[in-house]
Every structure is written in C-alpha cells, then in structure tokens.
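Residue numbers (this note's numbering): 105 to 366.
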C-alpha cells in the first residue's frame, strides 16, 4: 500500500503538478458535465428512493475517506518554524562561492503554501532573510580559518527540490564544533512538507541512497537548526544532505556538499 501511495505521489508531482493549469480546467469541465448529465437523466432518484441504503453506504465511506485523506494530504500545506543557535564559524569560503541572491526553487513555490498552522511560531516568509553571503560579510574570519570558539566549516551546499512540486531552498553546512564532533546545520531553510520526513547524510552527491545515515526527523519546514552527526562515521565519505519521505520512499530535496579546501 505504501509503495502504491509513493508511486501515486510521484505521478502527481512529476506529471499532474507541472501541468496543473491545463489539467484543472479539464477536470472541472468533466465534473460539471457529469453532474449535469446525471441531473438530466435523473440518476439521483435511486439514491433518494433508497435513502437508508445510501446513508448506510455513504456515511461509512466518508468516515474512512476524510481521516485518511487528511492524514495523507494535510502535511502538504502545514508549516512549522524553528530557529536554533548556530556555532560561530568562518564563513569566508561560503562568501567566495555563493551569489548574493540565490533561487533554488520555482518562484511560485512559496505562494503555493497556505498560512502556517498553529504549530508554526513564525512564518518563514516573515523571518529576516539572511543569505550565506550576507552572513559572511558580518562574520570576520579568524587568521587560522576557525572561529574563536573553535568551530570549523568542513563542507557546505545549497538545498534544491527534487522537482517543481517538492521544492527546497536554503543553505547546508557540515561544521566541526570540536575535534571529531560534527553537526549538520541548515539555514534560511524551507522545504515542502509531507508525511514521515527525515534528514539523512548520503554518499550520493545527487541525493538519496539506501545506505544513507538517518540524522533524525525533520525538525521544521522552515528556519535554521542543527543535527548531530554520529561520531562513528567517516564524514569525508558523505557528499549530500537529504530530506526523504520514509513512508512513501520519495525524495523531497537535497544539498550537494562542497568540501572546504585549506
């Protein structure tokens, strides 16, 4: 069943969503035409004449369909925001390679989102927009390439969605907070929400792989936050950060990581 919903979700995001402005009017016309034909042919009469049977079948179907539909679809428009403190680190390498303004998702992606739900403290759209380059300009690098606190930038990248529907944007950093201790930091982050989303580190620079390391569930759809990286892995092997829907096996977004050279 999960594989079926996964394939259905991929079909919707890869075919229906990109062509939605063509498909939607066709569906509306077909529905209106079908209702008009049913009315003229009086196909509703058996439903009225056997109202107890109609109610006996219709009510249980609605009782099942509404909760299942809400469970599967509601995450797509629910939003949440989280802001966690960042360790101080030298951002000069990011400033040297990051344009002042970036766009890693379709312009209409943000417009497709509805008002954040009660779980959201602050909409990402109203949060101060700070690009990596702007942050770098306000952070003076230390002479040895590390911050005064000892944190060091190991790799960085920018988030991108897997398709027009699954948008993702923002910055990803691998930071060594102390010798041998690493975190994944995401900033200016926003991603399409969905059910059962988790953040992974992958050896595949283009995103998902079966052996990816699970860092934990997605903390929020928008904001800036950290993930601890297990100490028993070789950080140099991992080439991307990934947002993955575990239940339906769908890639939502990834950030290819570029290693900071000395």
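Ideal Cβ placement from N, Cα and C applies to all residues, glycine included.
Where the beta strand (DSSP E) through residue i begins and ends
i: residue 319; result: 317-321
i: residue 326; result: 326-332
i: residue 289; result: 285-295
i: residue 275; result: 272-282
i: residue 305; result: 301-306
i: residue 186; result: 185-187
Contact with chain D by residue i, beta-carbon distance below 8 Å
i: residue 194; result: As a matter of chain content, chain D is missing from the structure shown, which is built from one protein chain.
Same chain only: Cβ atoms within 7 Å of residue i, ignoring 5 sequence neighbours per side
i: residue 300; result: 349, 350, 351
i: residue 230; result: At residue 230 the pLDDT is 35, less than 50, meaning the model places this residue with poor confidence and gives no usable figure here.
i: residue 151; result: 158
i: residue 247; result: Low confidence applies here, because residue 247 scores a pLDDT of 38, under 50, leaving its location unreliable; read the following figure in that light. Cβ within range, chain order: n/a, list empty.
i: residue 259; result: 278, 361, 362, 363, 364
i: residue 289; result: 190, 277, 279, 330
i: residue 123; result: none
i: residue 135; result: none
i: residue 377; result: Absent from the model: residue 377. The displayed extent of the chain is 105 to 366, so no value can be given.
Neighbourhood of residue i by C-beta, 6 Å cutoff - its chain only, sequence neighbours within 5 removed
i: residue 324; result: 184, 185, 186
i: residue 285; result: none
i: residue 226; result: With a pLDDT of 38 at residue 226, under the threshold of 50, the modelled position of this residue cannot be trusted; read the value that follows with caution. Hits under 6 Å: 185.
Which residues DSSP lists as bridging residue i, in chain order
i: residue 362; result: 260
i: residue 357; result: 265, 347
i: residue 198; result: Paired residues: none, contrary to the question.
Rounded Cβ spacing between residue i and residue j (contact assumed at less than 8 Å)
i: residue 148; j: residue 142; result: 6 Å
i: residue 333; j: residue 322; result: Contact doesn't hold; Cβ gap of about 16 Å is too wide.
i: residue 188; j: residue 330; result: 5 Å
i: residue 257; j: residue 310; result: Rounded, the Cβ-Cβ distance is 22 Å, inconsistent with contact.
8 Å Cβ shell around residue i - same chain, five flanking residues per side excluded
i: residue 125; result: none
i: residue 215; result: The pLDDT assigned to residue 215 is 39, lower than 50, so where the model puts this residue is not dependable, and the model offers no usable value.
i: residue 254; result: 281, 282
i: residue 312; result: 304, 306, 346, 348, 355, 358
Residue range of the alpha helix (DSSP H) that includes residue i
i: residue 153; result: 149-153
So, does the stretch 354-362 touch the stretch 278-297, judging by three or more C-beta pairs under 8 Å?
yes
Measuring CB atoms only, is the stretch 302-309 touching the stretch 336-350, in the sense that at least three cross pairs come out at less than 8 Å?
yes
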